[in-house]
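Trainee: Encoded as structure tokens, here's the structure I'll be asking about.
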Amino acid sequence: ATAREFGLINRIVPREYLNQVVSKYAQTIASKSSLVIKTGKEAFYAQAEMALADAYAYTGRVMVENMLARDAEEGIGAFVGKRKPEWKD
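Start counting at 1 in the sequence shown, then tack on 1300, and there's your number in the working numbering.
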């Protein structure tokens, strides 16, 4: 099986466009709430070592905590208001 078949690659671009594409991905990530990115990364690595049922329970709790953060309210408000979010956390 290939890396693409395993889901490790989601896009293939010609070498001459690689920096441009990577920059666009980086800008997209950087535009998100730093709290949400940090929480998501921590949860991903924490649950990776858990049994499946424990991982589901843990990530469910993390998602609830995430939705209680100020940035969740801002993100939803920005989406509904069709405006760029102003992250606070």
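Every residue gets a Cβ at the ideal spot worked out from N, C-alpha and C, and that includes glycine.
Excluding the five sequence neighbours on either side, which residues of its own chain have a C-beta within less than 8 Å of the C-beta of LYS1388, listed in chain order?
Mentor: ARG1370, ASP1371 and GLU1374
Trainee: Do TYR1358 and ALA1346 have their beta-carbon atoms positioned less than 8 Å apart in this structure?
Mentor: Result yes, Cβ atoms of ALA1346 and TYR1358 sit closer than 8 Å.
Trainee: Can you give me the C-alpha to C-alpha distance between VAL1362 and LYS1324, rounded to a whole angstrom?
Mentor: 28 Å
Trainee: Got a sec? Which residues, its chain only, sit under 8 Å from ILE1337 by beta carbon, not counting five neighbours each side?
Mentor: ILE1329
Trainee: If distances are taken between C-alpha atoms only, which option among ILE1312, VAL1364 and ALA1303 comes closest to ALA1343?
Mentor: VAL1364
Trainee: Express the C-alpha separation of ALA1351 and GLU1386 in angstroms, rounding to a whole number.
Mentor: 37 Å
Trainee: Nearest-angstrom Cα distance between ASN1366 and ILE1376?
Mentor: 12 Å
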